[in-house]
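Have a look at the structure below before the remarks.
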Amino acid sequence: MSPREKDLSIDNRYLNTRELLSESIRLQSHPWHAQIELTTKCNLDCIMCSREKYHGAGKHLSRDLLSKIQKEIFPWLQEAIISSFGEPLLHPDIGEIIEAARRHPRLNIGFYTNLLPLTEEKAEQVVRNGVSYLCVSIDGATKETYEKIRKNGHWERLTANLEMLNAFKKKYKSRKPFMHLVIVGMTANIGELPLFVDFAKKFGFGAVKIAHNIYVDDDSMEYLSLVHQKAYANRMYALAHAKAMQAGIPSNFNVAPFILSEEEKKSLEDLPMEKNKGISSFAYQIYFNKILPQMMRIKNTWDFSGKSAGHFFNLFLLKFYRKYFDPARHGRVGLSLFPNDAPPRHCGNPWTHVRIDVDGKVYPCCYNHTEMGDLNSQTFEEIWNGERYASLRQSIVKKTFWATCRRASCNWIQPGSSEVYGAEYVSLPAEIRLIAYEESEIKVRVRNTSQYWWSGEKDKEEDIFYLSYRLFDAHKRLVMEGSRGEMPAMVAPLQTAEIRLKLWAIAEPGDYEMRLDMVHDGVTWFGERGNHARSVPVKVLSFYKSRLTPVEPIPAQIEAGGRIVFDVRIENISDSRWQAGGADGVRLSYHWKHPGGDYAEFEGVRTFLPHDIPAGGSALATMTIIAPPKPNDYILELELVREGRAWFFQKGQPPHTIPIKVV
Numbered sequence: 002m003s004p005r006e007k008d009l010s011i012d013n014r015y016l017n018t019r020e021l022l023s024e025s026i027r028l029q030s031h032p033w034h035a036q037i038e039l040t041t042k043c044n045l046d047c048i049m050c051s052r053e054k055y056h057g058a059g060k061h062l063s064r065d066l067l068s069k070i071q072k073e074i075f076p077w078l079q080e081a082i083i084s085s086f087g088e089p090l091l092h093p094d095i096g097e098i099i100e101a102a103r104r105h106p107r108l109n110i111g112f113y114t115n116l117l118p119l120t121e122e123k124a125e126q127v128v129r130n131g132v133s134y135l136c137v138s139i140d141g142a143t144k145e146t147y148e149k150i151r152k153n154g155h156w157e158r159l160t161a162n163l164e165m166l167n168a169f170k171k172k173y174k175s176r177k178p179f180m181h182l183v184i185v186g187m188t189a190n191i192g193e194l195p196l197f198v199d200f201a202k203k204f205g206f207g208a209v210k211i212a213h214n215i216y217v218d219d220d221s222m223e224y225l226s227l228v229h230q231k232a233y234a235n236r237m238y239a240l241a242h243a244k245a246m247q248a249g250i251p252s253n254f255n256v257a258p259f260i261l262s263e264e265e266k267k268s269l270e271d272l273p274m275e276k277n278k279g280i281s282s283f284a285y286q287i288y289f290n291k292i293l294p295q296m297m298r299i300k301n302t303w304d305f306s307g308k309s310a311g312h313f314f315n316l317f318l319l320k321f322y323r324k325y326f327d328p329a330r331h332g333r334v335g336l337s338l339f340p341n342d343a344p345p346r347h348c349g350n351p352w353t354h355v356r357i358d359v360d361g362k363v364y365p366c367c368y369n370h371t372e373m374g375d376l377n378s379q380t381f382e383e384i385w386n387g388e389r390y391a392s393l394r395q396s397i398v399k400k401t402f403w404a405t406c407r408r409a410s411c412n413w414i415q416p417g418s419s420e421v422y423g424a425e426y427v428s429l430p431a432e433i434r435l436i437a438y439e440e441s442e443i444k445v446r447v448r449n450t451s452q453y454w455w456s457g458e459k460d461k462e463e464d465i466f467y468l469s470y471r472l473f474d475a476h477k478r479l480v481m482e483g484s485r486g487e488m489p490a491m492v493a494p495l496q497t498a499e500i501r502l503k504l505w506a507i508a509e510p511g512d513y514e515m516r517l518d519m520v521h522d523g524v525t526w527f528g529e530r531g532n533h534a535r536s537v538p539v540k541v542l543s544f545y546k547s548r549l550t551p552v553e554p555i556p557a558q559i560e561a562g563g564r565i566v567f568d569v570r571i572e573n574i575s576d577s578r579w580q581a582g583g584a585d586g587v588r589l590s591y592h593w594k595h596p597g598g599d600y601a602e603f604e605g606v607r608t609f610l611p612h613d614i615p616a617g618g619s620a621l622a623t624m625t626i627i628a629p630p631k632p633n634d635y636i637l638e639l640e641l642v643r644e645g646r647a648w649f650f651q652k653g654q655p656p657h658t659i660p661i662k663v664v
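The opening position of the sequence shown corresponds to residue 2 in the numbering used here, with each subsequent residue numbered one higher.
And the structure:
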């Protein structure tokens, strides 16, 4: 490696940082960070993964594209992640790729892996060639949970491969690869969070990190979301954080995943730091509020300087002069020991990062799915300084943002503030009363307090917003995620819209809580971005509960086509009043069935109730039954019907049955 090539990544990183700070649109520098998707094949079928939905059986990145990436991008890189939607250890050329990266000593390379395809040969290549880090996705701290979540996984093989990898690190006396234990947080494993710390310590992991999986495009997996266990998740984070501090293992458990409402906070146990096994509150505050931020400032600025002492000093001066000449924009003038905001506090990916998928398509990041170019037909330079990248950088500088960025659940673009996800519920019911098994509808007026327009399905925009709800029972357990109410029209900032929301049928009577919340389709609930959902009490009343009792014995045999008349006592054992009249009044009727279960005659003669029957009340009605015209054995079913709505048996109330022979 020539001295000039050795300097490429250092000078490029520094130049890139200056162009980022000066918000250049066309760049002389190259990205210093790349995510390269080696494959979309995987050996597992994890319950929370949608890989197959997008990639099917999957494919590998071709040799030609690999060669082009190594030639046009590798010399300027300092960081490369060679994984995305698949398992990189399945790529047949993984060993060659790792060795190619070694020819660039300043390039830190790493990847996410489930580690199961690791062989002795691959393990030795990883350690001998100095792969910087591995992020091992595990998701279960016990065999039972691991194999339940990671289908086709094998607990014993995982632990054996970890031991093999550690053995090679010991053989080569290498601290690399640094091992991250990676967890996708969900309801299926959040209770094991403290156990992951024990697992990490046992198998030599240097850090543990969890990411809460947010299901934006597959409702079948939504039940796994931690939004259903907010307080419990926060509590597990606190317990795991205390354990990680004691074990000396860095983690991201110190930041609770949810901002809790006052009611949710009541269910969260108070865990004072003094009780966390020797970690004092004072020491905790000093470390996280003083020492760690300064350490991160130093590392951050050192990295962005290209790890050059001269560049580091220049960045410090650059920050100071920017504040001096533009204090209104950059804050008050004053010296700061470390330029902790060397990267500006907006998205820098279009300046610093690039993502290349398995087909050679180029994207600005893993969130934004707008294709910037294609390496099969363009050089990387043509893409990097092409019109799409220029337009994207311009939108970020002007803070207009592409729609794809605003949809991206990105913490840079959308910090969860009211600027993006702001809504005020102007009018909504104080209480909702529903009939079990029946749909209903409410109207809610919502004001858009964000800085962005809300568009609906009719507007044919990429961003679509809805009003929806989640229903919880008396034990705070999720019962259902409800329907979505469409925007009647585009809703501008500060405008108010009246939204019609269909309420789906609930089978069980009782008391419930409905949490009304706005939804950014395919992205997030507003409630997960700091704009708390509004709770409305719901009382579900039974209606289709009855008891029918013939007052006198019914003949066991009647003539075909004949009729019988008898009195029936009708008891209302529901929570609701039955109306005798009206288009949807309750009537007494019957069905004729064959013994095998098929209906001989479904619609019987209707008998009107003599009067309204309140909840708990009863009435006596005289009904007429007409026998089927064909002789046979039948089952007579006495039944109530709510006209225009449903028969009572359709809502769970069994009919009163009598065997009768028609002759």
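Yeah, the Cβ is synthetic: ideal placement off N, Cα and C, and Gly gets one too.
Small disclaimer: the values here were computed from a predicted structure and weren't measured.
Limits of the beta strand (DSSP E) - the one that residue i falls within
{"i": "His668", "result": "As displayed, the chain neither begins before 2 nor continues past 664, which places residue 668 out of reach and without an answer."}
{"i": "Trp593", "result": "587–594"}
{"i": "Glu499", "result": "497–504"}
{"i": "Glu432", "result": "From DSSP, Glu432 is part of no beta strand (DSSP E); its letter is neither H nor E."}
{"i": "Phe179", "result": "179–186"}
{"i": "Asp634", "result": "633–643"}
{"i": "Thr401", "result": "Looking at the DSSP string, Thr401 is not in any beta strand (DSSP E), and its letter there is neither H nor E."}
{"i": "Tyr224", "result": "Careful: Tyr224 lies outside any beta strand (DSSP E) and carries neither H nor E."}
Limits of the unbroken alpha helix (DSSP H) element including residue i
{"i": "Arg394", "result": "388–398"}
{"i": "Leu163", "result": "156–172"}
{"i": "Val198", "result": "194–203"}
{"i": "Ile384", "result": "381–385"}
Helix, strand or coil at residue i according to DSSP, with G and I counted as helix
{"i": "Ser252", "result": "strand"}
{"i": "Pro76", "result": "helix"}
{"i": "Lys477", "result": "coil"}
{"i": "Ile357", "result": "strand"}
{"i": "Arg548", "result": "strand"}
{"i": "Trp455", "result": "strand"}
{"i": "Ile614", "result": "strand"}
{"i": "Lys244", "result": "helix"}
{"i": "Val217", "result": "At Val217, the pLDDT of 47 sits below 50, so the modelled position is not reliable; the number obtained from the coordinates is stated separately. Val217: coil per DSSP, three-state reduction."}
{"i": "Cys367", "result": "coil"}
{"i": "Asp12", "result": "helix"}
{"i": "Met237", "result": "helix"}
{"i": "Pro660", "result": "strand"}
{"i": "Leu376", "result": "coil"}
{"i": "Ala508", "result": "coil"}
{"i": "Val541", "result": "strand"}
Exposure of residue i, with buried meaning 16 or more beta-carbon neighbours within 10 Å
{"i": "Val664", "result": "exposed"}
{"i": "Glu100", "result": "exposed"}
{"i": "Leu641", "result": "buried"}
{"i": "Ser10", "result": "buried"}
{"i": "Arg151", "result": "buried"}
{"i": "Ser418", "result": "Below a pLDDT of 50, predicted positions are generally treated as unreliable, and Ser418, at 47, falls in that range; the measurement from the model is reported next regardless. Flag for Ser418 reads exposed."}
{"i": "Asn508", "result": "It is worth fixing the name first, because residue 508 is Ala in this sequence and not Asn. With fewer than 16 other Cβ atoms within 10 Å, it is exposed."}
{"i": "Thr658", "result": "exposed"}
{"i": "Val428", "result": "Here residue 428 turns out to be Ser, not Val, going by the sequence shown. Exposed, because fewer than 16 other Cβ atoms sit within 10 Å of the Cβ of Ser428."}
{"i": "Ala584", "result": "exposed"}
{"i": "Ile74", "result": "buried"}
{"i": "Asn386", "result": "exposed"}
{"i": "Tyr238", "result": "buried"}
{"i": "Pro655", "result": "exposed"}
Whole-angstrom C-beta distance between residue j and residue i, which should lie under 8 Å
{"i": "Trp133", "j": "Phe179", "result": "Looking at the sequence provided, one finds Ser at residue 133 rather than Trp. Going by Cβ atoms, the distance from Ser133 to Phe179 rounds to 7 Å, so yes, they are a contact pair."}
{"i": "Ser577", "j": "Ala616", "result": "6 Å"}
{"i": "Ile500", "j": "Leu468", "result": "4 Å"}
{"i": "Val198", "j": "Cys136", "result": "The pair is not a contact, with the Cβ atoms about 17 Å apart (cut-off 8 Å)."}
{"i": "Val447", "j": "Thr497", "result": "7 Å"}
{"i": "Cys406", "j": "Asn369", "result": "6 Å"}
{"i": "Asn610", "j": "Trp579", "result": "Rather than Asn, the amino acid found at residue 610 in this sequence is Leu. Indeed they touch by this definition, with Cβ atoms about 7 Å apart."}
{"i": "Arg564", "j": "Ala628", "result": "7 Å"}
{"i": "Ile695", "j": "Ile98", "result": "No information on residue 695 is available, as it lies outside the stretch 2 to 664 that the chain covers here."}
{"i": "Phe86", "j": "Thr41", "result": "5 Å"}
{"i": "Gly457", "j": "Met488", "result": "3 Å"}
{"i": "Lys177", "j": "Val209", "result": "Actually they do not touch by this definition, with Cβ atoms about 18 Å apart."}
{"i": "Gln36", "j": "Cys348", "result": "Rounded, the Cβ-Cβ distance is 15 Å, inconsistent with contact."}
Whole alpha helix (DSSP H) elements within the stretch 25–69, 4-residue minimum:
Complete alpha helix (DSSP H) runs here, min 4: 52–56.
Ignoring anything shorter than 4 residues, give me the alpha helix (DSSP H) runs that lie fully in the stretch 86–148, in order along the chain.
Whole alpha helix (DSSP H) segments, 4+ residues: 95–103, 121–129.
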